[in-house]
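K.L.:
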Amino acid sequence: MKILLLIILLLTSFVFAAEEQANLVVEKDILVTTLPHTEEEFTILYTIYNVGNGPAYDVRLQDAENFPKGKYSTVLSQIDTNWDIVEAETNTTHAVILKRHAVGSDFIGPAKVLFKNTPNGQDITSTSTYIGRLNFTPKSPGESRKSPNWEHWIIFSVVAALVLVIPFLLFKKSEKKKKRLTMNLRKKK
Amino acid sequence: MSNRNKRKKKQREERAFLEVEREREQTLRLRKPTTKQRMLYFFIGLIMTSLPTYLFYSIYEMDLLKSLPLFGFVSVICSIILSMGYHNVSFFLKHRLLKKTGVNFQKKRTKKKVAGGEREERQKKQLESTITTQAVSLSLLYNSLFFLVIVLIFAFYITWIFQAPANYILSLSVASSIVTYISSTKIQ
Chain D
1 MKILLLIILL
11 LTSFVFAAEE
21 QANLVVEKDI
31 LVTTLPHTEE
41 EFTILYTIYN
51 VGNGPAYDVR
61 LQDAENFPKG
71 KYSTVLSQID
81 TNWDIVEAET
91 NTTHAVILKR
101 HAVGSDFIGP
111 AKVLFKNTPN
121 GQDITSTSTY
131 IGRLNFTPKS
141 PGESRKSPNW
151 EHWIIFSVVA
161 ALVLVIPFLL
171 FKKSEKKKKR
181 LTMNLRKKK
Chain U
1 MSNRNKRKKK
11 QREERAFLEV
21 EREREQTLRL
31 RKPTTKQRML
41 YFFIGLIMTS
51 LPTYLFYSIY
61 EMDLLKSLPL
71 FGFVSVICSI
81 ILSMGYHNVS
91 FFLKHRLLKK
101 TGVNFQKKRT
111 KKKVAGGERE
121 ERQKKQLEST
131 ITTQAVSLSL
141 LYNSLFFLVI
151 VLIFAFYITW
161 IFQAPANYIL
171 SLSVASSIVT
181 YISSTKIQ
């Protein structure tokens with residue numbers, strides 16, 4: 001009897017060990033070099049890593065709550081999206097470009113990701129990392145003036161120099177001709 | 001004074017007066033630019049006003065398509081103002097350079113044909129056209145450089161507090177007006 005129970009326990013443990021389960025870790029990031037201003041585009045990148053040993057089915061990303069429609073508008077792609085399957089030990093990404101219209105401060109919290117271990121299984125919720133508080137201020141007219149903008153100045157200088165060098169070369173060429181003609185006319189006198 | 005002396009004196013005065021009048025007419029004729037010169041000055045002015053437009057598009061982030069009518073209108077008006085400045089300086093420089101050569105460019109009125117006179121006249125014409133080219137190229141160089149410097153000072157240090165379109169209009173129009181005004185004082 002005891003041996004039978006032990007065999008049953010061993011078999012069930014093997015079954016549970018063989019059962020594949022997905023485990024989603026979600027990273028939410030903002031891709032900017034400086035803090036965005038109002039009416040300035042910024043990109044939110046979601047990366048979903050399946051660190052489990054089974055695929056995740058019917059994966060749904062929900063983050064519209066953090067970017068209400070009155071304050072934000074999507075420039076490219078959409079915030080909420082879904083995938084049919086995310087295989088085990090793989091990752092997938094989703095990017096959305098947004099723009100904020102009003103001046104103010106917002107706490108950008110975590111996104112919610114719902115998935116299933118089996119196609120008809122129950123929903124499991126996972127939450128992503130969060131971005132934190134962002135202050136949106138209007139862009140001042142002097143701001144772009146203060147940044148270096150080296151490449152624009154170099155292009156401008158090169159084109160201006162090219163345009164100015166042409167009359168200079170013309171002047172030099174006519175100077176030689178003038179000297180020759182003046183000497184000829186003075187000799188005759 | 002006898003009548004004969006009086007008549008001679010009067011004739012001399014008339015001749016001198018006619019000479020002065022002829023010189024004045026020639027100066028006035030030269031002061032007006034030819035069509036070719038006008039087109040050249042306008043074309044160069046258009047290029048010079050387009051250069052700051054690139055800076056406003058790239059640094060001040062003015063939308064190119066939306067601001068195209070503004071860019072076009074302001075560029076054309078400023079090019080016309082600049083072309084007047086170009087001609088003023090080239091006219092002033094031409095007279096200075098002609099004097100510096102020490103050659104008498106006025107046509108001698110003689111009844112007799114002088115040997116080698118035609119060749120000399122041809123050389124004088126060549127010299128005059130060379131000096132015109134020199135004066136025009138110097139004028140373009142000097143005024144264009146002056147214009148660019150004033151535009152940059154205004155756009156980035158004086159009128160930068162205004163919105164980009166207002167900054168653009170002010171900096172370009174003020175720069176072209178200053179250049180043309182200073183060039184006109186040289187002639188006076």
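Protein chains in written order, with UniProt numbering: chain D, 1 to 189; chain U, 1 to 188.
Quick reminder that beta carbons are idealized off the backbone N, C-alpha and C, glycines included.
Small disclaimer: the values here were computed from a predicted structure and weren't measured.
Let me confirm a value: Pro36 (chain D) is counted as buried when at least 16 other C-beta atoms fall within 10 Å, else exposed. Which label applies?
P.N.:
Locating residue 36 (chain D) in the first sequence gives position 36, counting from the first residue. Within 10 angstroms of the beta-carbon of Pro36 (chain D) lie 16 or more other beta-carbons, which makes it buried.
K.L.:
Can Thr74 (chain D) and Leu45 (chain D) be called in contact, C-beta distance under 8 Å?
P.N.:
The residue given as residue 74 (chain D) occupies position 74 in the first sequence. The residue given as residue 45 (chain D) occupies position 45 in the first sequence. Not in contact: Thr74 (chain D) and Leu45 (chain D) (Cβ atoms no closer than 8 Å).
K.L.:
Mind checking who Trp83 (chain D) pairs with in its DSSP beta bridge?
P.N.:
By one-based count along the first sequence, residue 83 (chain D) stands at place 83. Paired residues: D:Val59.
K.L.:
The ligand SAM heavy atoms versus the CB of Phe171 (chain D): any closer than 7 Å?
P.N.:
As far as ligands go, the structure on display features none, and thus does not contain the ligand SAM.
K.L.:
Quick check on Gly132 (chain D): does DSSP put it in helix, strand or coil?
P.N.:
For the purposes of this step, residue 132 (chain D) is taken as residue 132 along the first sequence, with counting starting at 1. Looking at Gly132 (chain D) - three-state DSSP - the assignment turns out to be strand.
K.L.:
How should Lys8 (chain U) be labelled, buried or exposed, when 16 other C-beta atoms within 10 angstroms of its C-beta is the threshold for buried?
P.N.:
Sequence index remark: in the second sequence, residue 8 (chain U) carries index 8 (1-based). Looking at its Cβ environment, which holds fewer than 16 other Cβ atoms inside 10 Å, Lys8 (chain U) is exposed.
K.L.:
Residues of chain D with a CB under 9 Å from the CB of Tyr54 (chain U): which are they?
P.N.:
Taking the second sequence and counting its residues from 1, one reaches residue 54 (chain U) at position 54. Counting only Cβ-Cβ distances below 9 Å, Tyr54 (chain U) has contacts in chain D at His152, Ile155, Phe156 and Val159, in chain order.
K.L.:
Using a Cβ cut-off of 8 Å (strictly closer), state whether Leu98 (chain U) contacts chain D.
P.N.:
Residue 98 (chain U) sits at position 98 when you count from the first residue of the second sequence. Taking Cβ atoms only, chain D never reaches closer than 8 Å to Leu98 (chain U), which makes this a no.
K.L.:
Determine which residues of the region 57 to 80 of chain U have a Cβ less than 8 Å from any Cβ of chain A, and write them out in chain order.
P.N.:
Protein chains D and U are contained in the structure displayed, whereas chain A is not.
K.L.:
If you count every other CB in all the chains shown that lies within 10 Å of the CB of residue 190 (chain U), and 16 or more means buried, which is it?
P.N.:
Examination of residue 190 (chain U) is not possible in this model, given that chain U is present from 1 through 188 alone.
K.L.:
When the Cα of Glu41 (chain D) is compared with those of D:Thr47, D:Asn50, D:Ile30 and D:Tyr57, which residue comes out closest?
P.N.:
The residue you call residue 41 (chain D) lines up with position 41 of the first sequence. It is D:Ile30 whose Cα lies nearest to the Cα of Glu41 (chain D).
K.L.:
Can you check DSSP and say which residues form a bridge with Arg4 (chain U)?
P.N.:
For this step, residue 4 (chain U) is matched to residue 4 along the second sequence. Under DSSP, Arg4 (chain U) shares a beta bridge with no residue.
K.L.:
Hey, out of D:Tyr72, D:Thr34 and D:Ala64, whose CA is closest to His101 (chain D)'s CA?
P.N.:
Position 101 of the first sequence, counting from 1, holds the residue named residue 101 (chain D). Ranking the options by Cα distance to His101 (chain D), first place goes to D:Tyr72.
K.L.:
By alpha-carbon positions, which one of U:Leu97, U:Lys6, U:Tyr142 and U:Glu13 ends up nearest to Ile44 (chain U)?
P.N.:
Numbered from 1 along the second sequence, position 44 holds the residue referred to as residue 44 (chain U). Nearest option by C-alpha distance: U:Tyr142.
K.L.:
Measuring straight from C-alpha to C-alpha, what distance separates Asn53 (chain D) and Arg60 (chain D)?
P.N.:
In the first sequence, residue 53 (chain D) corresponds to position 53, counting from 1. In the first sequence, residue 60 (chain D) corresponds to position 60, counting from 1. If you take the alpha carbons of Asn53 (chain D) and Arg60 (chain D), they lie about 19 Å apart.
K.L.:
Can you list the residues of chain U that Phe168 (chain D) reaches, using a CB-CB cut of under 8 Å?
P.N.:
Taking the first sequence and counting its residues from 1, one reaches residue 168 (chain D) at position 168. Taking a Cβ-Cβ threshold of 8 Å, the residues of chain U close to Phe168 (chain D) are Ser137 and Leu141, in chain order.
K.L.:
So Ala155 (chain U) packs on Pro52 (chain U), CB below 8 Å; how close in whole Å?
P.N.:
Along the second sequence, read from residue 1 onward, the residue named residue 155 (chain U) stands at position 155. Along the second sequence, read from residue 1 onward, the residue named residue 52 (chain U) stands at position 52. That belief holds up - the Cβ atoms of Ala155 (chain U) and Pro52 (chain U) are roughly 7 Å apart, short of 8 Å.
K.L.:
Where does His87 (chain U) fall in DSSP's three states?
P.N.:
The residue labelled residue 87 (chain U) in the question sits at position 87 within the second sequence. Three-state result, His87 (chain U): helix.
K.L.:
What are the start and end residues of each continuous beta strand (DSSP E) run of 3 or more residues lying completely inside the region 49 to 77 of chain U, in chain order?
P.N.:
none
K.L.:
Just to confirm, are Asn91 (chain D) and Thr47 (chain D) a CB contact at a threshold of 8 Å?
P.N.:
On the first sequence, residue 91 (chain D) is found 91 positions in, with the first residue counted as 1. On the first sequence, residue 47 (chain D) is found 47 positions in, with the first residue counted as 1. Yes, the pair counts as a contact, with Cβ atoms nearer than the cut-off.
K.L.:
Lys178 (chain D) CB to nearest chain U CB: under 8 Å?
P.N.:
Position 178 of the first sequence, counted from the start, is the residue given in the question as residue 178 (chain D). Interface residue, yes.
K.L.:
For the beta strand (DSSP E) containing Ile161 (chain U), name the first residue and the last one.
P.N.:
For the purposes of this step, residue 161 (chain U) is taken as residue 161 along the second sequence, with counting starting at 1. No beta strand (DSSP E) holds Ile161 (chain U); DSSP gives it neither H nor E.
K.L.:
Starting from Phe42 (chain D), follow its DSSP beta bridges and name the residues at the other end.
P.N.:
To locate residue 42 (chain D), count along the first sequence from 1; it is residue 42. DSSP, once it has assigned bridges, lists D:Leu98 as partnering Phe42 (chain D).
K.L.:
Which value, in whole angstroms, describes the spacing of the CA atoms of Thr33 (chain D) and Thr43 (chain D)?
P.N.:
Taking the first residue of the first sequence as position 1, residue 33 (chain D) is located at position 33. Taking the first residue of the first sequence as position 1, residue 43 (chain D) is located at position 43. Distance between the alpha carbons of Thr33 (chain D) and Thr43 (chain D) is about 11 Å.
K.L.:
Quick check on Leu51 (chain U) - is its C-beta less than 8 Å from some C-beta in chain D?
P.N.:
Locating residue 51 (chain U) in the second sequence gives position 51, where the first residue counts as 1. Leu51 (chain U) counts as touching chain D.
K.L.:
Indicate whether at least one CB of chain D lies closer than 8 Å to the CB of Ile131 (chain U).
P.N.:
Counted from its first residue, the second sequence places residue 131 (chain U) at position 131. By this cut-off, Ile131 (chain U) is an interface position.
K.L.:
Taking all protein chains shown into account, decide if Thr180 (chain U) is buried (16 or more other Cβ within 10 angstroms of its Cβ) or exposed.
P.N.:
Translated into the one-based positions of the second sequence, residue 180 (chain U) becomes position 180. Buried is the call here.
K.L.:
Using only alpha-carbon positions, find the residue among U:Val76, U:Lys10 and U:Lys32 that is nearest to Met48 (chain U).
P.N.:
Residue 48 (chain U) sits at position 48 when you count from the first residue of the second sequence. Residue U:Val76 is the option with its Cα nearest to Met48 (chain U).
K.L.:
The beta strand (DSSP E) with Glu27 (chain D) in it runs from where to where?
P.N.:
Numbered from its first residue, the first sequence carries residue 27 (chain D) at position 27. Glu27 (chain D) -> beta strand (DSSP E) spans Leu24 to Leu31.
K.L.:
Between the alpha carbons of Lys6 (chain U) and Lys172 (chain D), how many angstroms are there, rounded?
P.N.:
As a first step, residue 6 (chain U) is located in the second sequence; it is residue number 6 there, counting from the start. As a first step, residue 172 (chain D) is located in the first sequence; it is residue number 172 there, counting from the start. The alpha-carbon atoms of Lys6 (chain U) and Lys172 (chain D) are separated by roughly 54 Å.
K.L.:
What does Lys124 (chain U) reach in chain D if we use C-beta pairs closer than 9 Å?
P.N.:
On the second sequence, residue 124 (chain U) is found 124 positions in, with the first residue counted as 1. Per Cβ cutoff of 9 Å: Leu181 and Leu185.
K.L.:
Where do the ends of the beta strand (DSSP E) carrying Leu35 (chain D) lie?
P.N.:
In the first sequence, residue 35 (chain D) corresponds to position 35, counting from 1. Leu35 (chain D) -> no beta strand (DSSP E), and no H or E assigned at all.
K.L.:
Quick test of your reading: Ile150 (chain U) and Ile178 (chain U), contact by CB under 8 Å. State the CB separation rounded to the nearest angstrom.
P.N.:
Position 150 of the second sequence, counted from the first residue, corresponds to residue 150 (chain U). Position 178 of the second sequence, counted from the first residue, corresponds to residue 178 (chain U). Taking the Cβ atoms as the reference, Ile150 (chain U) lies roughly 6 Å from Ile178 (chain U), within the contact range of under 8 Å.
K.L.:
Distance, Cα to Cα, Ile80 (chain U) vs Phe91 (chain U)?
P.N.:
Numbered from 1 along the second sequence, position 80 holds the residue referred to as residue 80 (chain U). Numbered from 1 along the second sequence, position 91 holds the residue referred to as residue 91 (chain U). Distance between the alpha carbons of Ile80 (chain U) and Phe91 (chain U): 17 Å.
K.L.:
On a Cα-Cα basis, can you pick out the residue from D:Lys116, D:Asn135 and D:Val159 that is closest to Glu20 (chain D)?
P.N.:
One-based indexing of the first sequence puts residue 20 (chain D) at position 20. For Glu20 (chain D), the nearest C-alpha among the options comes from D:Lys116.
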